[in-house]
Every structure is written in structure tokens, then in C-alpha cells.
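Take the sequence shown: its letter number 3 is residue 108 in this note's numbering, and every next letter is one higher. One structure is given here, and the rest of the page talks about it.
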Amino acid sequence: MTNIWEIGTDIGGTFTDIIAIRRDTSETRIAKVPSRPHAPVQAMLEAIEAVGLRRSDVKRFIHGTTRITNAIVEERLPKIALIATKGFEDVLEIARYRRRDLYRLDIAPKAKSLVPREMCFALDERLDHEGQVLKPLAEAEIERLIAWLKETGVESVAVSLLHAYANPVHEQMLAERLKAIVPYVSLSHEINPEAREYERTSSTAFNAAAMPIAVEYLSELEERLPIGAGLQVFHSAGAMIPISAVKRRPLVMAMSGPAAGVAASVSIARQLKKSRVLTFDMGGTTTDVCLIVDGQAEMADGKMLGDRPLRQPMLAVHSIGAGGGSIVRAGAGGLTVGPESAGSEPGPACYGRGGTKPTITDANALLGYLNPETKLGDRIGIDVDAAARVIEPIAQGLGLSLTETALGIIRVANATMARALRRVTVERGIDGRDCTLLAFGGGGPMHAAGLAELYGITEIVVPAASSAFSALGCLTADFSFLQQQTLRVALDGIDLTRVTQRIEALGEQTVVPLLANAIPRDSIQIELVALMRYAAQADAIPVPFTMPLDVDRLRQDFLVKHRELFGYATNESCVIESVRAQARQPSTTEVSRPTTVLRAKAAPKRRCSFDGALDVMTDVIDRSAMTSVVIGPAIIEDAWSTVVLPAQWQATPDSNGNLYLAKVAS
């Protein structure tokens, strides 16, 4: 029987993870293959083969990836042009007059503009802030632009005209004329229909740079895995979206891989009734953390990417360059880890694929945490001697033993990751010690106890299928599309009829991609959030609301939220800056225990080293066979991941395959 398997895939910088589920029998298969940075589609097809399936077996295929983000950060971008209103063509060069690190004396040079100055075209047209046409877009201007584009031979164009978010008429005129001239056109009123010219233009330029890459990549996937509407992409706001929508707005994929792990974490947090959860996703290249409160993940309006603003609604995932493959260096200031990574080619030295630089994974191998007798997924062996060879020069330079150096590397890595946890807790008024740490990814369970010890967290959950948890998130998330648009209306004297019409129109826009994917209209929910601020403030805070719009209720909810975040609220005039609408078809799939998982071939004991306990004969436990509490020190293994359980910690399994780690009561 063909077309019966549903597949979730997470394309990481080091590994491509896959989880396949057969709904009629609940059979689950997991695999992990090395990523192919220059051939990601091939890696996905190899992953399908790794779980013993053929392409014809696949009914639905959802994947998350950071391919677009990586291309932008590494500046592997096509030639693009910017079309802006006359007088505003230098907006990307001027940027914002502020420094990221106010007190740093060694000021970093300003990020290079995504669009070279000579590729910026000034169009003589003008709208006011309400969208009224002050100077119409003349035919002669359009002809002048077309002639210039033909001369430059540009592949992709970003169109960002002043106040187009209030009235897109001129951008729409250009789009109609340019589609026969330029293969790819990004319009600011579609990409980011919000005020603040620099951020909107930067986001549109990002999208224009990403379009050729995304279309080529997704078209190849459609050709090699022809399953029609069953082929979907995970987006940065934590849900699935059809490929057709992504081709026009590839920016929605910017953080799709990490977002998938958060989506699965939300499902687990709700199942386990945990009110505050910190996600800890340690992969081969990065570590990603996010805060979940009362079953809802924190959202952000965007992020800085290569010191440039990318403004899109997305899950508030904080990423740092400290993954298993992060390269370790020793300098005058001591040890540092990352952000440079060994990636999948060649990878850490202990993988035996030609790696010559020490990494966090090499330190873990040297400490005995990784099983040298088996291969990761029957593909990659662990060469402890190779790990020792690359760490030896650092140990000699520090005057320490190999074991002491490896423990030092782990301490530095954990301290780096603890700082990331503080970013999403303490800096948002949350005491991280009151949170449950949800550890997943290839390295998360290995570092979870050490990180919790350092941060003061007392409870850890390691979910079933933890090493492929982000891939699992692709299968458990809602089908959804969202859009955010500027309103800038004061609640005092609000034109309720006009505002209601604009909100309802925005909501219906978000429904269109779902209807195009044959999702019934009566199964779609529309969720609304107002981004609100006081009239004299610059930044807005999210306040959920429902229709019909109750202005008094919205005002009170804003005051409550403001008091929660900042400790005070006043009766000053408040403003709806923007409205976010999200159409979703809720998922009925829950995170469940995999039924088919390869078992690690573990020896009953091996020598490991921990802080305060070197070269200890340590129990090695087969995770899939665990039925009772395990007291540390111990190593708990399956085919794809390792849980390091230090002394004074215990691990307790539940019926769904989750592990609960907690300090042993003294």
C-alpha cells in the first residue's frame, strides 16, 4: 500500500532528522542522516530511505529548515535591486542611529546593506501617512524603471514605497508591469504591511534575496517528491503552511527549524500540565531556547539577522552558536565555544569524517558520554582517540589533563547556554528556576542536568524521540497562516466601523492560503492580537482580543498586561499600533511515544568522568527498556541520543516514554 506515511523533517546544520508515522497502525520510525548544505533535497530523500520507505509511500511531508537564514547570514545571495520612493532610496544605507552594545568601545562596523547603492532606484511618486496619493505614479516613471531593470539584468526586486502599508496602489501597479521583466518581485505591503520604513524595507529586501533560493529549492523538492498538497513547510510562527504561499514569502521560513521544536514543546507542556517551560534544543550547530507560559509560546515581531532587522511575526526563539559541532578555542581569556561550527562536513573529529578542530561533541566523547561501540543510527561511529588528538593541544596550552580540559569545555558550553536562558526569562521578568527545562535535540539531554545545576532549575523533562523532536513538531502543529498590519488608531474617539472592517479584511486575507489547500472554511479559526502602546511610547505589547471589538475590554486588558510587564499602568491615551491575525486549523495530533525505535547496543558499564568524579565506572542504561527509577551517575542511551545523569540526580520514565530528571532529595 502506498501513500500511507506522514513525515516530518528538520534540516539542521549538522544532521537532517526525520520521523515517519503511519496513522492506521501508529508505527513510528526515526532516523538521522548528515545534512548536505549544498544539496538539502538530496539529504531529505536519503532520510526517507533511512527509515526504510520509498517516495511512493509518502502521503504528507512537512519540513522545517534554516536554509534561507543560512544563505542570508553567509551572504550567498543573488543580485537584487530596491525600488523606493524618491528621497528614500538610501534608507538601507542610513539604517538606524543606534548601537546594539551601547557601552562597547570597539564599535563593530555597520552591516553592509543587502542592496548596493547603485542597485537602488528612486521612483518619483508619493503617498501620505494615511495612504492618500500626493503624487501619482506616472507611466513615464514606470517606463524609466523598466529600462533601468533591463539594463542591470537584475534577478529579484524589492519594492518598498513610502506608506505602501496604508495604500498599496502604486506597488500593485508596479507588480503588474514588472512580472514580465523580472522573475521575482517582493512587495512591501505583502511582506510586512507595517509602519517604520527602514524595518519594512529591510524585510522586503530579505525576502527578495531569499526568493530565487527558495523557489529553486522548493521546486526541486516538488519535482523529486511529487505528492501535491501533501508537501508543506513549517513556518517561523510555529505552524504548517503550503509551499505555494512560501514561494512568494520565503521569509516565513527564517526560523522554521527551531520553531518546529517549540511547537512540539507546546504540545508536551499542555499534556503534562506544566505552566512554565523552558525549551532547550541543542543541535549540532546552534542551541535554541524559548519560553512557554500557560501552554503558549512567546511571540516576537521579528529579529536581527546579520545586524539587519527582519520583521515577521515569529516564535520568540533565542539562538546562540553553541551546538555539538561548535569549535572550541583557547586564548588569553580562557576557553571559548562557537559560534563557528564544524557542521556535517567534516563534523567533529570523533565522527571520523576528517574533522581536525576540537568541538563540544569531542569533549563529550572524551568524557565517555558517547557510546564508542555503536554507530549513530548505524552510520557514524565514535572515535575517542580522534577526539583526544584534537583536544590535546588545548590541554597542553592550559597545563591540564585531557579529562580536565574536556570538563572545562563542557562547563564553558553550559555557561554560554545559561546566558541564553537568562535572555528569555530574567530579562522578561520570569524566574527561570521556577520553570521546567524541556531538553531535546541531539545534545540537549546530554547537557540538561549540568545546565539545570548551573541555573538552579530543579525539574527536567526529556521527551520521547528527543533527538528528532523538531521533526516530530512538524507533524503535530496546526495548519496556519498569519499576517500583521499597521492600524495606528487611538482608542479615544475610535471609528469602530472602519476599524472593524479593516480587522475583518485582514482576517479573511489569512484564510486564503488555507482554503487554497482544500481546508474547509468551517474548520478554520481566526485568532486576533492587538499590538498596543501608550500614545507617547515607541514599542507595543501584544493583547489578544475577539470580535466584535469591545474597546473598553481591550483597554482594560492592555492595562493589565502593561502592569504585568512593567509594574505600572496609567490612564493615558493608548493606541492600537498593529493587529495580528492568524488563521489556523487546529491539529488533532498529539506528541506520542515512538513505537519503532532502534535500540543502542550498550555495554552495562563504561568509564565516564563528571565534575568532582573522574574516571568512574558508570552504569549504561538502555532507555527503551527503562521501567523504574535510575539514580546517577548513569548514562541513559537510545540509538540517537544520550542522557547524562550525574550523581545526586535521578531519572524516572513515564508511560509515554518521557524521562523526568530531578535532584535526589538529600
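Idealized CB from N, CA, C, for every residue including glycine.
Beta-carbon proximity check, residue i vs residue j, cutoff 7 angstroms
i: Ala136; j: Ala148; result: no
i: Val220; j: Ile185; result: yes
i: Pro618; j: Phe663; result: no
i: Gly428; j: Gly388; result: yes
i: Cys455; j: Ile487; result: yes
i: Ala635; j: Ile681; result: yes
i: Ala368; j: Gly400; result: no
i: Asn622; j: Pro347; result: yes
i: Arg660; j: Leu596; result: yes
i: Pro608; j: Val684; result: A quick correction: the sequence has Ile, not Pro, at residue 608. Cβ atoms of Ile608 and Val684: closer than 7 angstroms.
i: Ser431; j: Val422; result: no
i: Ala773; j: Asn763; result: This structure leaves residue 773 out entirely; the chain is present only between 106 and 771.
i: His275; j: Leu242; result: yes
The beta strand (DSSP E) enclosing residue i, as first and last residue numbers
i: Ala227; result: 225 to 228
i: Met345; result: 344 to 347
i: Arg165; result: 163 to 170
i: Pro649; result: 646 to 650
i: Asp758; result: According to the sequence shown, residue 758 is Pro rather than Asp. That run of the beta strand (DSSP E) goes 754 to 758.
i: Asp206; result: Counting along the chain, Asp206 falls outside any beta strand (DSSP E), and DSSP gives it neither H nor E.
i: Lys462; result: Taken as a continuous stretch (DSSP letters only), Lys462 belongs to no beta strand (DSSP E), as it is neither H nor E.
Element boundaries [alpha helix (DSSP H), containing residue i]
i: Met358; result: Where Met358 is concerned, there is no enclosing alpha helix (DSSP H), given that its DSSP letter is neither H nor E.
i: Lys255; result: 244 to 257
i: Gly429; result: Run containing Gly429: none; DSSP gives neither H nor E here.
i: Gln614; result: 601 to 620
i: Tyr322; result: 302 to 329
i: Gln277; result: 274 to 283
i: Thr581; result: 574 to 581
i: Asp467; result: 465 to 471
i: Asp412; result: It is not in any alpha helix (DSSP H) - Asp412 carries neither H nor E in the DSSP assignment.
i: Ile496; result: 489 to 503
i: Lys666; result: 656 to 671
i: Ile199; result: 196 to 199
Among the options, the one whose alpha carbon lies nearest that of residue i
i: Gly117; options: Leu543, Tyr673, Pro331, Arg141; result: Arg141
i: Pro691; options: Tyr673, Ala635, Leu664, Pro625; result: Pro625
i: Lys255; options: Ala447, Ala285, Phe574; result: Ala285
i: Leu507; options: Ala518, Ala492, Arg516; result: Ala492
i: Ala523; options: Gly426, Gly578, Ala582; result: Gly426
i: Ala315; options: Thr581, Glu260, Pro298, Pro347; result: Glu260
i: Gly737; options: Trp745, Glu450, Leu670, Ala767; result: Ala767
i: Ser714; options: Gln401, Ile348, Leu475, Asp536; result: Leu475
i: Cys395; options: Gly436, Pro451, Arg282, Leu542; result: Leu542
i: Ala544; options: Lys164, Gly561, Phe574; result: Phe574
i: Glu299; options: Glu235, Asp412, Val433; result: Glu235
i: Leu410; options: Ile397, Ala402, Ser424; result: Ser424
i: Glu132; options: Ile112, Leu150, Thr119, Arg231; result: Ile112
i: Leu601; options: Ile514, Gln687, Pro653, Val529; result: Pro653
i: Val489; options: Pro453, Ser449, Tyr639; result: Pro453
i: Met551; options: Thr563, Val567, Pro273, Ile126; result: Val567
Paired residues, beta bridge with residue i - DSSP
i: Gly436; result: Gly439
i: Val684; result: Gln590, Ala635
i: Glu742; result: Asp727, Thr747
i: Ile135; result: Ile124
i: Met404; result: Leu420
i: Pro709; result: Note: Pro709 sits in no beta bridge, so no partner.
i: Ser733; result: DSSP lists no partner for Ser733.
i: Arg381; result: Val398
i: Phe715; result: Ala718
i: Gln337; result: Ile167, Pro347
i: Arg527; result: DSSP, once it has assigned bridges, lists no residue as partnering Arg527.
i: Gly113; result: Ile124, Ile167
i: Gln690; result: Phe584
i: Ser291; result: Ala263
i: Cys679; result: Tyr639
i: Gln630; result: Arg689
Any C-beta of chain C under 7 angstroms from that of residue i
i: Cys225; result: Absent from the structure: chain C. Only one protein chain is present.
Any contact of the stretch 281 to 297 with the stretch 322 to 338, i.e. 3+ C-beta pairs under 8 angstroms?
Pairwise C-beta distances place the stretch 281 to 297 out of contact with the stretch 322 to 338, as fewer than three of them are shorter than 8 angstroms.
Looking at C-beta atoms only, is the number of pairs between the stretch 159 to 166 and the stretch 178 to 194 that lie closer than 8 angstroms three or more?
Cβ pair count under 8 angstroms is below three, so no.
Segment contact, 8 angstroms Cβ cut-off, at least three pairs: the stretch 241 to 260 with the stretch 226 to 233:
Flag = yes, the stretch 241 to 260 and the stretch 226 to 233 touch.
Flag this pair as touching only if the stretch 745 to 756 and the stretch 360 to 373 have three or more C-beta atom pairs under 8 angstroms; answer yes or no.
Because the criterion of three Cβ pairs below 8 angstroms is not met, the stretch 745 to 756 and the stretch 360 to 373 do not touch.
Are there three or more Cβ pairs, one per stretch, closer than 8 angstroms when the stretch 401 to 413 is compared with the stretch 499 to 518?
With fewer than three CB-CB distances shorter than 8 angstroms, the stretch 401 to 413 does not count as touching the stretch 499 to 518.
Counting beta carbon pairs with one atom in the stretch 167 to 176 and one in the stretch 329 to 347, are three or more of them shorter than 8 angstroms?
With a cut-off of 8 angstroms, the stretch 167 to 176 and the stretch 329 to 347 count as touching, because enough Cβ pairs lie within range.
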